[in-house]
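S.K.: Quick one: the structure is below, questions incoming.
Number of protein chains: 2
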Amino acid sequence: IRVHASMNSPPPPVAEFPYLPPAQRDLMVEVLSIVETGLGPQLLPSTVPSDVLSYQNPSGSAHGALDIRYGGRDSTVDFILESWLHCQIPTGALNIATLFVSLNSSTDAPHLLMEFIQGSPTSLVLLLDLIPRKDVVLHPDYLDEFYHQTDLDKQRQVLAKLPQVQPYMSPSLYVRSILSPTAIVVNINCGDGEQTMLEEIIRGKLNMICKEIVQIWLRLCVKTKLLSEVDQDILVKRDSLIKSKAIEIDLEVNLPRMFTPEIASRVVREIKEAYKVQDSGKKFV
Amino acid sequence: IRVHASMNSPPPPVAEFPYLPPAQRDLMVEVLSIVETGLGPQLLPSTVPSDVLSYQNPSGSAHGALDIRYGGRDSTVDFILESWLHCQIPTGALNIATLFVSLNSSTDAPHLLMEFIQGSPTSLVLLLDLIPRKDVVLHPDYLDEFYHQTDLDKQRQVLAKLPQVQPYMSPSLYVRSILSPTAIVVNINCGDGEQTMLEEIIRGKLNMICKEIVQIWLRLCVKTKLLSEVDQDILVKRDSLIKSKAIEIDLEVNLPRMFTPEIASRVVREIKEAYKVQDSGKKFV
Chain A
869 IRVHASMNSP
879 PPPVAEFPYL
889 PPAQRDLMVE
899 VLSIVETGLG
909 PQLLPSTVPS
919 DVLSYQNPSG
929 SAHGALDIRY
939 GGRDSTVDFI
949 LESWLHCQIP
959 TGALNIATLF
969 VSLNSSTDAP
979 HLLMEFIQGS
989 PTSLVLLLDL
999 IPRKDVVLHP
1009 DYLDEFYHQT
1019 DLDKQRQVLA
1029 KLPQVQPYMS
1039 PSLYVRSILS
1049 PTAIVVNINC
1059 GDGEQTMLEE
1069 IIRGKLNMIC
1079 KEIVQIWLRL
1089 CVKTKLLSEV
1099 DQDILVKRDS
1109 LIKSKAIEID
1119 LEVNLPRMFT
1129 PEIASRVVRE
1139 IKEAYKVQDS
1149 GKKFV
Chain B
869 IRVHASMNSP
879 PPPVAEFPYL
889 PPAQRDLMVE
899 VLSIVETGLG
909 PQLLPSTVPS
919 DVLSYQNPSG
929 SAHGALDIRY
939 GGRDSTVDFI
949 LESWLHCQIP
959 TGALNIATLF
969 VSLNSSTDAP
979 HLLMEFIQGS
989 PTSLVLLLDL
999 IPRKDVVLHP
1009 DYLDEFYHQT
1019 DLDKQRQVLA
1029 KLPQVQPYMS
1039 PSLYVRSILS
1049 PTAIVVNINC
1059 GDGEQTMLEE
1069 IIRGKLNMIC
1079 KEIVQIWLRL
1089 CVKTKLLSEV
1099 DQDILVKRDS
1109 LIKSKAIEID
1119 LEVNLPRMFT
1129 PEIASRVVRE
1139 IKEAYKVQDS
1149 GKKFV
């Protein structure tokens, strides 16, 4: 599956996920296609430089790809971010594939996050959530509109019933806090030698659930809503905190280790620009 | 253990939990004793009428007890609520025991909630949490002060490692939302015939963890904090929503079924007074 492992081959389009096992790759490609078809006319062309669209560490043991496209005028989309990371680890290979669609402040509809984290051929951590833009405790009507009425928990329950599926706890308390009460945060663990079982789950139940949730989100994300100035200020501040914390907790810790500080700085700079988080120019050195 | 089952015996003090299995009763009594010793001088005498301090349904198949004591002047405690419910169900008996300490707006320290829900002799659902007063996504410093620095997640992890312990999901999305990211929300399920195993866990790890968490909370809850008027308004509104939703989702649904609408109205009226939620005078009929 390492179809682009040579340093001299042209960089792969981000959305090809060359290192993902086939079942996951097919699912990610299918979900991206649904999202891009749904949002298509709203998205501007990518402006990510080629050395961030595809990058690797000097020894060639870690590869990454990142694409970001902004939403056009009159779109509710702020940006869509697609990314994958691949690196050799003592137990085999680590693969992370991410889709994050961030909405702007013309709507309070949730952001979309879908992430695969795979550290072994027979297990897969999945994060799939519509990330709330408001404190749902203070805004029960928000919980009702986006989570109750859409029956999102039904999808989570279908997956949770499988004996191979265990809840997954992010080690970060902040990451746990940003997720909705219907978030799918699971470890699908099929045990030694059960690679076929994992593939079956991904091509079966998981495929159905992911597509259903993405379709629900696509219907929600297009509705603009005129917020009061105060509400909009809080929403923007909250969105911004989620993004800067994600960079601080995850990317600034892990990317320099995987790709050298120089390469990590280049990648993080692009993400910070999209996230509207000030780049300190810190080079992780 | 049904030491007060006769209709003619005097009503038991709330904190004796006469229907709880011994291991749970001992733990609840011990935790209450720690909390009451810690808060002691701050608590006013109970004003709950005797027909709410102890109540039962006409057939005598369901029993309940409720006590509420308010915090005195200069206390950070709004009120302490202690309650138990017991009723016969087709599979045996259902027991619910609750401790809820609500703080007032002289502090933003978390409320304390501890609840046992037991529907079979070999399994126990436990909720134990320091309930956040603020949106921790918008206030990462709050998360840091009350949850990171106190290392609360360590306690949760100790329990989660036991093979008999599974995460528990409240069917209510709102209840899921009010809990902190370090909340202990688990089903301890020891399987058929393993009543002794459940008792061992309660008297061992669970006893240690519950007492540790309550001690952490006692240190946090006494610190007053001068909040800005805006922050205080939001905190009061958020607290009030949590309480009115709890009544709406849980008590107003379940108590009338268990105790007849008349008795339920009487009990809910006392709770609404403490929660400062307006009583509509609704008699569930």
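These protein sequences, in sequence, are chains A and B.
Residue numbering for the first sequence follows this note's numbering, starting at 869 and increasing by one per position.
Residue numbering for the second sequence follows this note's numbering, starting at 869 and increasing by one per position.
Note that beta-carbon positions come from the ideal geometry of N, C-alpha and C, so glycine has one too.
Answer yes or no: does any C-beta atom of chain B fall closer than 9 angstroms to that of H979(A)?
M.R.: Residue 979(A) sits at position 111 when you count from the first residue of the first sequence. Answer no: the Cβ-Cβ gap between H979(A) and chain B never drops below 9 angstroms.
S.K.: Decide yes or no for the touch test of the region 961 to 974 of chain B against the region 943 to 950 of chain B: beta carbon pairs closer than 8 angstroms, at least 3 of them.
M.R.: The answer is yes - the region 943 to 950 of chain B touches the region 961 to 974 of chain B, with three or more Cβ pairs under 8 angstroms.
S.K.: Using 9 angstroms as the threshold, is the C-beta distance between L1020(A) and T990(A) below it?
M.R.: Here residue 1020(A) is taken as the residue at index 152 of the first sequence, counted from 1. Here residue 990(A) is taken as the residue at index 122 of the first sequence, counted from 1. Cβ distance not < 9 angstroms, so L1020(A) and T990(A) don't count as in contact.
S.K.: If you draw a straight line from the C-alpha of R1024(A) to the C-alpha of L996(A), how long is it?
M.R.: Within the first sequence, numbered from 1, the residue matching residue 1024(A) stands at position 156. Within the first sequence, numbered from 1, the residue matching residue 996(A) stands at position 128. Between R1024(A) and L996(A), the C-alpha separation is close to 9 angstroms.
S.K.: Pop quiz: D935(A) and V916(A) are said to be a contact at Cβ under 8 angstroms. What is the actual Cβ separation, rounded to whole angstroms?
M.R.: The residue you call residue 935(A) lines up with position 67 of the first sequence. The residue you call residue 916(A) lines up with position 48 of the first sequence. Indeed they touch by this definition, with Cβ atoms about 6 angstroms apart.
S.K.: Would you identify the three-state DSSP class for V1005(B), choosing helix, strand or coil?
M.R.: Position 137 of the second sequence, counted from the first residue, corresponds to residue 1005(B). DSSP places V1005(B) in coil when its eight states are reduced to three.
S.K.: Given R1134(B), which residues of its chain have a CB within under 7 angstroms of its CB, disregarding the five upstream and five downstream residues?
M.R.: Position 266 of the second sequence, counted from the start, is the residue given in the question as residue 1134(B). Result list for R1134(B): D919 and V920, in chain order.
S.K.: Do you know how far the Cα of L1109(B) is from the Cα of I1131(B)?
M.R.: Residue mapping note: residue 1131(B) aligns to position 263 of the second sequence, counting from 1. Residue mapping note: residue 1109(B) aligns to position 241 of the second sequence, counting from 1. Cα to Cα, the separation comes out at about 24 angstroms.
S.K.: Entirely within the region 957 to 988 of chain B and at least 3 residues each: give me those beta strand (DSSP E) ranges in chain order.
M.R.: Segments of the beta strand (DSSP E) lying fully in the region 957 to 988 of chain B: 960 to 971 and 979 to 988.
S.K.: Of all the residues that make up the region 1072 to 1104 of chain A, which are near chain B by a beta-carbon distance shorter than 8 angstroms?
M.R.: So the close ones are I1102.
S.K.: How long is the line joining the alpha carbons of H1007(B) and N925(B), rounded to whole angstroms?
M.R.: By one-based count along the second sequence, residue 1007(B) stands at place 139. By one-based count along the second sequence, residue 925(B) stands at place 57. Taking the straight line from one Cα to the other gives about 45 angstroms.
S.K.: Taking 8 angstroms as the limit between beta carbons, can you name the residues of its chain near M875(B), skipping five residues before and five after?
M.R.: For the purposes of this step, residue 875(B) is taken as the residue at position 7 of the second sequence. Its pLDDT being 48, under 50, M875(B) is placed unreliably in this model, and the value from its coordinates should be taken loosely. These residues qualify, in order along the chain: Q924 and G928.
S.K.: Tell me the DSSP bridge mates of I948(B)?
M.R.: Here residue 948(B) refers to the residue found at position 80 of the second sequence. DSSP lists R937(B) and V969(B) as partners of I948(B).
S.K.: Does DSSP put S918(B) in a helix, in a strand, or in coil?
M.R.: Numbered from its first residue, the second sequence carries residue 918(B) at position 50. S918(B): helix per DSSP, three-state reduction.
S.K.: Residue ranges of each beta strand (DSSP E) run of no fewer than 3 residues wholly in the region 1026 to 1053 of chain B, ordered along the chain?
M.R.: List check, beta strand (DSSP E) in window: 1033 to 1035.
S.K.: Can you look up L912(B) in the DSSP assignment and give me helix, strand or coil?
M.R.: The residue given as residue 912(B) occupies position 44 in the second sequence. Residue state, collapsed to three classes: coil.
S.K.: Here's the rule: buried if 16 or more other CB atoms are within 10 angstroms of the residue's CB, otherwise exposed. What is S901(A)?
M.R.: Sequence index remark: in the first sequence, residue 901(A) carries index 33 (1-based). It counts as exposed.
S.K.: Would I1046(B) and I999(B) qualify as a contact pair, given that the criterion is a beta-carbon distance under 9 angstroms?
M.R.: Taking the second sequence and counting its residues from 1, the one referred to as residue 1046(B) is at position 178. Taking the second sequence and counting its residues from 1, the one referred to as residue 999(B) is at position 131. Yes, they are a contact pair.
S.K.: Leaving out five residues before and five after L953(B) in sequence, what residues of the same chain have Cβ atoms less than 6 angstroms from its Cβ?
M.R.: Here residue 953(B) refers to the residue found at position 85 when the second sequence is read from its first residue. Closer than 6 angstroms at Cβ, skipping near neighbours: G932 and I964.
S.K.: Note down, in chain order, each residue of its chain lying with its Cβ closer than 6 angstroms to the Cβ of P881(B), except the 5 sequence neighbours on either side.
M.R.: Translated into positions along the second sequence, residue 881(B) becomes position 13. Taken in chain order, the list of residues that qualify is empty.
S.K.: Along the region 1019 to 1049 of chain A, what residues have a CB closer than 7 angstroms to any CB found in chain B?
M.R.: Within the region 1019 to 1049 of chain A, the qualifying residues are D1021, P1035, L1041, Y1042, R1044, S1045, I1046 and P1049.
S.K.: How many angstroms separate the CA atom of P1031(A) from the CA atom of N1055(A)?
M.R.: In the first sequence, the residue the question calls residue 1031(A) occupies position 163. In the first sequence, the residue the question calls residue 1055(A) occupies position 187. If you take the alpha carbons of P1031(A) and N1055(A), they lie about 11 angstroms apart.
S.K.: Please work out which residues of its chain come closer than 7 angstroms, Cβ to Cβ, to V871(A), disregarding the five sequence neighbours upstream and downstream, and give them in chain order.
M.R.: Mapped onto the first sequence, residue 871(A) falls at position 3. The predicted model places V871(A) with a pLDDT of 42, which falls under 50 and marks its position as unreliable; any figure quoted below should be read in that light. Excluding sequence neighbours, V871(A) sits near P886.
S.K.: Quick one: list the residues of chain A neighbouring Y1010(B), beta-carbon separation under 7 angstroms, in chain order.
M.R.: On the second sequence, position 142 is the one that residue 1010(B) refers to. Correct list: empty, because the minimum Cβ distance to chain A is about 10 angstroms.
S.K.: When you compare the CB positions of F1014(B) and L1088(B), do they come within less than 9 angstroms of one another, or not?
M.R.: The sequence position of residue 1014(B) within the second sequence is 146, counting from 1. The sequence position of residue 1088(B) within the second sequence is 220, counting from 1. In this structure, L1088(B) lies closer than 9 angstroms to F1014(B) by Cβ.
S.K.: For a quick check, are the C-beta atoms of R937(B) and P909(B) less than 9 angstroms apart?
M.R.: The residue labelled residue 937(B) in the question sits at position 69 within the second sequence. The residue labelled residue 909(B) in the question sits at position 41 within the second sequence. Taking 9 angstroms as the Cβ cut-off, R937(B) and P909(B) do not qualify as a contacting pair.
S.K.: In chain B, what lies closer than 7 angstroms to V1004(A) by C-beta?
M.R.: Here residue 1004(A) is taken as the residue at index 136 of the first sequence, counted from 1. Result: S1045.
S.K.: For the ligand FAD, any of its heavy atoms closer than 8 angstroms to the Cβ of M896(A)?
M.R.: The ligand FAD is not part of this structure, which contains no ligands at all.
S.K.: Can you pull the chain A residues whose beta carbon is under 8 angstroms from the beta carbon of L994(B), in chain order?
M.R.: Residue mapping note: residue 994(B) aligns to position 126 of the second sequence, counting from 1. The premise fails here: L994(B) is roughly 16 angstroms from chain A at the closest Cβ pair, so nothing lies under 8 angstroms.
S.K.: By the three-class DSSP mapping on this structure, what secondary structure does L943(A) have?
M.R.: Along the first sequence, read from residue 1 onward, the residue named residue 943(A) stands at position 75. With the sequence shown as reference, residue 943(A) is identified as Ser, and Leu is not the correct amino acid for it. Correct three-state label for S943(A): coil.
S.K.: Is the CB of H931(B) under 9 angstroms away from at least one CB in chain A?
M.R.: The residue given as residue 931(B) occupies position 63 in the second sequence. Chain A, which has no Cβ nearer than 9 angstroms to the Cβ of H931(B), makes this no.
S.K.: G1072(B) to N1057(A), Cα distance in whole Å?
M.R.: Residue mapping note: residue 1072(B) aligns to position 204 of the second sequence, counting from 1. Residue mapping note: residue 1057(A) aligns to position 189 of the first sequence, counting from 1. When rounded, the distance between both Cα atoms is 30 angstroms.
S.K.: Going by the CB atoms, is the gap between A1114(A) and V1043(A) shorter than 9 angstroms?
M.R.: In the first sequence, residue 1043(A) corresponds to position 175, counting from 1. In the first sequence, residue 1114(A) corresponds to position 246, counting from 1. Yes, these two residues count as a Cβ contact at 9 angstroms.
S.K.: Report the partner residues of L1088(B) according to the DSSP bridge assignment.
M.R.: Residue mapping note: residue 1088(B) aligns to position 220 of the second sequence, counting from 1. DSSP, once it has assigned bridges, lists no residue as partnering L1088(B).
S.K.: Which of the three DSSP states, helix, strand or coil, is assigned to G932(B)?
M.R.: Position 64 of the second sequence, counting from 1, holds the residue named residue 932(B). G932(B) falls in the strand class under three-state DSSP.
S.K.: Straight-line CA distance for G939(A) to V903(A)?
M.R.: Translated into the one-based positions of the first sequence, residue 939(A) becomes position 71. Translated into the one-based positions of the first sequence, residue 903(A) becomes position 35. Using only the alpha carbons, I get a separation of about 13 angstroms.
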